[in-house]
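S.K.: Residue numbers (the numbering used here), protein chains in the order written: chain A, 209 to 555; chain B, 52 to 330. Here it is: the structure, laid out below.
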């Protein structure tokens, strides 16, 4: 059965989870930004179905910095010490559906030819409670990728804002339902909560299949340079993206020892592809932007059958020069449509 | 103003005086105006001028992809223009080969960005062409900024403040990439043979990076505030630069980018310098 839960009761639940020693993460207001953070207090959680945090929840599965083993150097001996994957239970609450939807997409690569036990341990120990989305802005494009404001993919439970500080919760997995004993409805219950979208969901703004066809046939083509010349080459798009997952492995320490660590990395940095010889196969920024889009919309789908993007729009919203996936793909889709009309491309 | 800007850009491209015009393009409602690089006279109509032209476009002048396009014209506000003064002093641009289109600016953002309240350079001073007329006079002196509030705290409180702020840094380097004066071919943060600054976004790695960034901009930062605007974690990075700018002004009477005749603090020497070691 499902009942309306007041926000105060949600906070009580959160306080209980924190009390049990769990890590609970939620959107938190930090200055003028909304950011997912580990909660120090249940009062800090922001339940706002109309705003998107500037970062993503991937940090709680794939942290920006993670030691994978430690080493100690004593004379000529080197002693290695394992770092165990995280044991602590985690709950991410009030996540955006477009953040949660990234998790099943990331599962592919972290369990591909090698299982990343750090990621899978965190994934197994985390319950994701999303908050159905009620507003979009000009950077949103989830519907262009077959997703939407109530997409349950990757979520264990979903909150629906009924207004007046009341929420309905629907269990999607057993683990999600267990967090709300006797209070959770089931996914697909009817009548559904009235979706109080402020305006309509975002329009479908490009066709990912047509884009993929264009990319496959147009590695060297003029639009790349024109569209991406303004890119300044920071890592904002990648680091605030729910699906970007590249990392670098470095040893950090001193003569006595240290740790081998995994740190976030981005294909937008020149160093990402710089060879020891000094040669850089991606010498200029437009080539790096092209790589990002190829990976997301051609390479990843070919390998794993899904695009590496949820349409959250964080790339454009956070970009200091207002670039992002949507703008470039719209332009590419227009170009692909134009070519299609002239001479249809073969799939 | 937008119309005159477009005409100027079109003319410069048509006459072959420049091969690229770096300006602002149309933005989505409420969003910052994105930079555009115009290379064809017929594209000059893509240029816009409005109160959301935040970016300091001088950053593009030192980028190799942009330099490869040929001679450039750049659209600047009075505040951005200070970066050109420093870049010229540091021999990074050939001012004679550059066309500067100066836009008279009444401030950017709604509400107005903090730096605009006490702006002393609403009318660009060194541009080849200035577009617009000032509606309000320039401020007589720089106004209060967030630095006063921060410096009123005890050192322990300031340390705690920066610890909390830097804890959110993910090392995306947006602060570096948007900065018109961070033009090093290879940044010290990218030196990995050996590593100079930990690449990890940990307290150690983050403090090392932000302190280094601030010091490399000491007596150079012109206070455009792009680092703060670009930070996805909302860290007020410009405060670090302001602290050093204040010290530079107090100790050397120097404000970067204000006076093209003034010798840069790190590029000059005077017997009147306070420290003895240099004599």
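Think of the CB as a built atom: it goes at the ideal place given N, C-alpha and C, for glycine as much as any other residue.
1. Which class does residue 259/B belong to by DSSP, given the choice of helix, strand or coil?
2. Give a yes or no on whether 8 Å exceeds the smallest Cβ distance from residue 248/A to chain B.
3. Would you give the residue range spanned by the beta strand (DSSP E) that residue 159/B belongs to?
4. Find out if the Cβ-Cβ distance for the pair residue 349/A, residue 419/A is shorter than 8 Å.
5. Does the distance from the C-beta atom of residue 308/B to that of residue 166/B stay below 8 Å?
6. Is the CB-CB distance between residue 125/B and residue 152/B below 8 Å?
7. Using a Cβ-Cβ cutoff of 8 Å, what residues of the region 438-462 of chain A are near chain B? List them in chain order.
8. Mind pulling the alpha helix (DSSP H) runs of 4 or more residues that sit fully within the region 212-236 of chain B?
9. Can you name, in chain order, every residue of its own chain whose Cβ lies under 6 Å from the Cβ of residue 52/B, other than the five neighbours on each side?
10. In angstroms, rounded to a whole number, what distance separates the CA positions of residue 512/A and residue 233/B?
11. Should the region 279-287 of chain B be called in touch with the region 297-306 of chain B, which here means at least 3 C-beta pairs below 8 Å?
12. Against chain A, which members of the region 227-239 of chain B pass a CB distance test of less than 7 Å?
13. Within 8 Å of any Cβ in chain B, is that where the Cβ of residue 207/A sits?
14. Could you pull the start and end residues of the alpha helix (DSSP H) that residue 146/B belongs to?
15. So, with DSSP's three-state summary, where would you put residue 345/A?
16. Contact check, residue 215/A vs residue 237/A under 8 Å by CB: the rounded distance?
17. For residue 494/A, which residues in chain B fall below 9 Å Cβ to Cβ?
18. Given that residue 346/A touches chain B, what residues does it touch there, using C-beta distances under 9 Å?
19. Find the residues of chain A that neighbour residue 241/B, judging by a C-beta separation of less than 7 Å, and give them in chain order.
20. Counting along the chain, where does the beta strand (DSSP E) carrying residue 201/B start and finish?
21. Suppose the cutoff is 7 Å on Cβ atoms and the five residues either side in sequence are ignored; what does the same chain contact list for residue 231/A look like?
22. Under the assumption that residue 467/A contacts residue 278/A (Cβ atoms under 8 Å), give the Cβ distance between them as a whole number of angstroms.
23. What number of angstroms, rounded off, separates the C-alpha of residue 518/A from the C-alpha of residue 383/A?
24. Can you tell me the Cα-Cα spacing of residue 146/B and residue 139/B, whole angstroms?
25. Does residue 319/A pass the burial test, meaning 16 or more other C-beta atoms within 10 Å, or should it be called exposed?
26. Let's see if you can read the secondary structure: which residues bound the alpha helix (DSSP H) around residue 501/A?
27. Anything in the region 312-346 of chain A with a Cβ closer than 7 Å to a Cβ of chain B? List those residues in chain order, please.
28. Looking at the C-beta of residue 252/B, does it have a partner C-beta in chain A at a distance below 8 Å?
29. On the DSSP letters alone, give me the boundaries of the beta strand (DSSP E) that residue 244/A sits inside.
30. In chain B, which residues lie with their C-beta within 7 Å of the C-beta of residue 225/A?
31. Look at the Cβ atom of residue 378/A, then the Cβ atom of residue 365/A, and state whether they are nearer than 8 Å.
32. Between which two residues does the alpha helix (DSSP H) carrying residue 137/B extend?
M.R.: According to the structure shown:
1. The answer is helix: DSSP assigns residue 259/B an H, G or I state.
2. False, the Cβ-Cβ gap to chain B never drops below 8 Å.
3. Here residue 159/B belongs to no beta strand (DSSP E), and DSSP marks it neither H nor E.
4. No, Cβ-Cβ distance for residue 349/A and residue 419/A is not below 8 Å.
5. It is not a contact, given that the beta carbons lie outside the stated cut-off.
6. The answer is yes: Cβ separation under 8 Å.
7. Cβ contacts with chain B come from 438, 440, 441, 442, 443, 444, 446, 447, 448, 456, 458 and 460.
8. Runs found: 225-228.
9. Within the same chain, residue 52/B has close Cβ partners 100, 182 and 183.
10. Near 39 Å, if we compare the C-alpha coordinates of residue 233/B and residue 512/A.
11. Put simply, the region 279-287 of chain B does not touch the region 297-306 of chain B. Fewer than three CB pairs are less than 8 Å apart.
12. Cβ contacts with chain A: 228 and 229.
13. The requested residue 207/A does not occur in the structure, where chain A is confined to residues 209 to 555.
14. Taken as a continuous stretch (DSSP letters only), residue 146/B belongs to no alpha helix (DSSP H), as it is neither H nor E.
15. Residue state, collapsed to three classes: coil.
16. No, residue 215/A and residue 237/A are not in contact; Cβ-Cβ is about 15 Å, not under 8 Å.
17. Near residue 494/A (Cβ distances below 9 Å), the residues of chain B are 116.
18. For a Cβ distance threshold of 9 Å, residue set 79, 80, 81 and 82 of chain B lies close to residue 346/A, ordered along the chain.
19. 479, listed in chain order.
20. Segment 197-202 is the alpha helix (DSSP H) holding residue 201/B; no beta strand (DSSP E) there.
21. The answer, listed in chain order, is 246, 296 and 298.
22. Yes, they are in contact, since the Cβ atoms of residue 467/A and residue 278/A sit about 5 Å apart, within 8 Å.
23. Straight-line Cα distance between these residues: approximately 23 Å.
24. One C-alpha to the other measures close to 7 Å.
25. It is exposed - the Cβ of residue 319/A has fewer than 16 other Cβ atoms within 10 Å.
26. For residue 501/A, the enclosing alpha helix (DSSP H) covers residues 493-502.
27. Per Cβ criterion, the list reads 346.
28. Among the residues facing chain A, residue 252/B is included, as its CB has a counterpart in that chain under 8 Å away.
29. 241-246 is the span of the beta strand (DSSP E), which, as asked, contains residue 244/A.
30. Per Cβ cutoff of 7 Å: no residues; residue 225/A is ~22 Å from chain B at best.
31. Going by C-beta atoms, residue 378/A is nearer than 8 Å to residue 365/A.
32. 129-140 is the span of the alpha helix (DSSP H), which, as asked, contains residue 137/B.
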